[in-house]
């Protein structure tokens, strides 16, 4: 109890309270119940006293904490107000200095003071009460003053670089449209001028850099510079730049026109013109020794170089270097001068700060001349080949067995040449001894027969030979590329020509024959073309060269000619179909129609014979005409064999039609222009028309009696038995003769 009370009350009060209770407590010891009641009463008093003490203490502590929080909040407000007033003072000072520097054209100081004022406003915005009208007003003011500073700097910049450009309505497509282009570069004050604290040009550039506007200004300047000055100087060979210096004022760059016969700009001249412009800019505009490089981050020339170099180098490559690539391998050695000029050009740009780094796409392109030569050569070859393939095929040249491809003299293969020569001599000596008494082959063996091919195909083959010859003297990479370009020429011919001339091949038999010869001509020379160049090309042993293309070209030529043959067969059968199956020829109208059909077929064969004369090889000519003639003969024989009743008049007129073909058919075989040389082929008609003898035999039967037929059958051993079967002969006899005992006897003898 003493300890508990002591925590809350003074010492004297606690002692008096205990003594009083103790005195009161002793007399009451006599009764136990009274004692217990008093103990409980004392305990309650103690609890009540403790509760009062605790409440009083907590109340005092709460009041102290509340007072402390109020004082702290007041301190923070006072501190914030002090900071606010300090930022306002800094802003006011910076703006005042800014206006003074701007009036004095001290743009660097103006830009720095504007930056300080902006920093003060940003600090005010970071304060928790950012919606103050004062802060919004200051933000608006700082924005206005920045625009004002940029405007003044822009005005000064325009005075430093004054452009004179062509009218916006002028089309920039010719030299004349750029002759009004000029750039006036002003120095913008001098370092020795005491009235100007700093040179105006460096001050303007540094202020623009501080405000973050320098890159934008140079970017816009670079775009105009490239579009109106650098690009025209690169594209047009006759356009040059003239620099006129004006003491204490600057320089003027203007474009002038000179006479030149060059179609494309020379790389050396282009480099000189571009360097003249960039060097003048470097000396007049970008060399500012008083500019702190730490402020500008990059040199002016480096910024401009980063902005225009990629587009300018691509333009130089596209408009200049591409056209400077040599047309043949013999000129590649001379291209080293262009490479050196390009290296010097880039070195000059690096010295002035326009370029950074060791190598650029421009120099890489120039140094990779072998690859570009191959690509350009391949492209030119493919373009020339396509032009030849799309040209007219009517112009032809005559090919004889003596014809040979004009392959230039190739260098001797390296390594073991002496041994190969000796081996060849020994082999030739041995062959000569072994073949002395044997039959020799004809000089024309493995030669093309006499025919005509398109002049364009001959030129195409010459183009392939020329390209392969270029590959022999080129680098390995270039040689491989050129070799596969030649293969692509023949693949292109295989795909393009049949499609491009498809309709003409079907309509014009002359062109179909020429295409057949063209394909056979190409296939013939592809057999040996690869072996002639194989020792001189850096290809792997497994490469097939051109021999794998031979079967395809042979099929292509045959397919084209067979398609034309089918067209001719269809026309012939259509004409014969108008003959009313060669029946009822005793009727004048029917005979006239049949006779007309036969004459039309003969005329068609004559026309084809004339068209194909001196074009197709003789053997192909004779086989083709013979096949078509055989088609007409077979159709006529089939129609006659289908007749069930042939009167005497019908038989005579059928024989007349057969005789017409027999007499005039051989005359369509005229493979050669010289008439006296064609008789040999006219006598060989049975060789090319398989049904020729059948036609002769059926013509005889139509005018023979039963005994003559039986005699010519000769018990299955005569000429009739060779051309007809027993059933065919019996059917023909039944159609020609009435049913008599003589016919029955004759039929009985038709056996084999």
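Numbering (the UniProt record's numbering), first residue to last: 1 to 752. By construction, the Cβ of each residue, glycine as well, lies at the ideal position given by its N, Cα and C atoms.
For residue i, list the residues DSSP reports as bridge partners.
i, result
"residue 256", "240"
"residue 396", "454"
"residue 164", "182"
"residue 245", "251"
Do you know offhand how far residue i's Cα is from residue j's?
i, j, result
"residue 38", "residue 70", "49 angstroms"
"residue 244", "residue 337", "30 angstroms"
"residue 538", "residue 521", "27 angstroms"
"residue 470", "residue 464", "10 angstroms"
"residue 56", "residue 47", "14 angstroms"
"residue 230", "residue 202", "25 angstroms"
"residue 588", "residue 656", "14 angstroms"
"residue 384", "residue 636", "51 angstroms"
"residue 158", "residue 266", "34 angstroms"
"residue 689", "residue 630", "5 angstroms"
"residue 333", "residue 563", "52 angstroms"
"residue 124", "residue 107", "26 angstroms"
"residue 671", "residue 603", "16 angstroms"
"residue 504", "residue 312", "49 angstroms"
"residue 590", "residue 495", "49 angstroms"
"residue 555", "residue 620", "15 angstroms"
"residue 156", "residue 210", "16 angstroms"
"residue 142", "residue 343", "50 angstroms"
"residue 40", "residue 50", "16 angstroms"
"residue 186", "residue 263", "36 angstroms"
"residue 502", "residue 553", "16 angstroms"
"residue 160", "residue 388", "58 angstroms"
"residue 72", "residue 83", "17 angstroms"
"residue 181", "residue 386", "43 angstroms"
"residue 255", "residue 167", "15 angstroms"
"residue 339", "residue 309", "18 angstroms"
Hey, is residue i close to the ligand SAH, as in C-beta under 7 angstroms from one of its heavy atoms?
i, result
"residue 680", "Annotation note on the ligand SAH: not contained in the displayed structure, which lists no ligands."
Applying the criterion that 16 or more other CB atoms from any shown protein chain within 10 Å of the CB defines a buried residue, is residue i buried or exposed?
i, result
"residue 378", "buried"
"residue 77", "exposed"
"residue 583", "buried"
"residue 98", "buried"
"residue 742", "exposed"
"residue 64", "exposed"
"residue 640", "buried"
"residue 205", "buried"
"residue 638", "exposed"
"residue 575", "buried"
"residue 649", "exposed"
"residue 346", "buried"
"residue 216", "exposed"
"residue 436", "Any reading at residue 436 must be qualified, since the residue scores a pLDDT of 47, below 50, and its modelled position is unreliable; no value is offered."
"residue 134", "exposed"
Would you mind giving the Cβ-Cβ distance between residue i and residue j, rounded to the nearest angstrom? I have them listed as a contact below 8 angstroms.
i, j, result
"residue 270", "residue 234", "5 angstroms"
"residue 109", "residue 101", "4 angstroms"
"residue 474", "residue 482", "7 angstroms"
"residue 381", "residue 510", "Not a contact, Cβ separation roughly 29 angstroms."
"residue 654", "residue 702", "5 angstroms"
"residue 596", "residue 633", "Their Cβ separation, rounded to whole angstroms, is 18 angstroms, which puts residue 596 and residue 633 out of contact at 8 angstroms."
"residue 730", "residue 706", "With a Cβ gap of about 12 angstroms, residue 730 and residue 706 do not count as contacting."
"residue 213", "residue 153", "7 angstroms"
"residue 695", "residue 661", "6 angstroms"
"residue 721", "residue 752", "6 angstroms"
"residue 516", "residue 561", "4 angstroms"
Does any residue of chain D have a CB that is nearer than 8 angstroms to the CB of residue i?
i, result
"residue 402", "The structure shown contains no chain D; it is built from a single protein chain."
The segment 318-330 touching the segment 358-377, judged by at least three CB pairs closer than 8 angstroms: For the pair of segments examined, the segment 318-330 was found to touch the segment 358-377: the number of CB pairs separated by less than 8 angstroms reaches three.
Stretch pair the segment 248-260 + the segment 275-287: three plus CB contacts closer than 8 angstroms: yes
Contact the segment 393-405 vs the segment 452-459: 3+ CB pairs below 8 angstroms: A contact between stretches requires three or more CB pairs, one per stretch, nearer than 8 angstroms, and the segment 393-405 meets this requirement with the segment 452-459.
The segment 712-723 in contact with the segment 611-624 per 3-pair CB rule at 8 angstroms: no
Any 3 or more C-beta pairs closer than 8 angstroms across the segment 517-531 and the segment 544-551: Result yes; three or more Cβ-Cβ pairs closer than 8 angstroms.
Validate contact between the segment 639-654 and the segment 583-592 using beta carbons, cut 8 angstroms, 3 pairs: yes
Sufficient close CB pairs (3 or more, under 8 angstroms) joining the segment 302-315 to the segment 345-354: yes
Stretch pair the segment 681-698 + the segment 733-748: three plus CB contacts closer than 8 angstroms: no
Segment contact, 8 angstroms Cβ cut-off, at least three pairs: the segment 555-569 with the segment 501-517: yes
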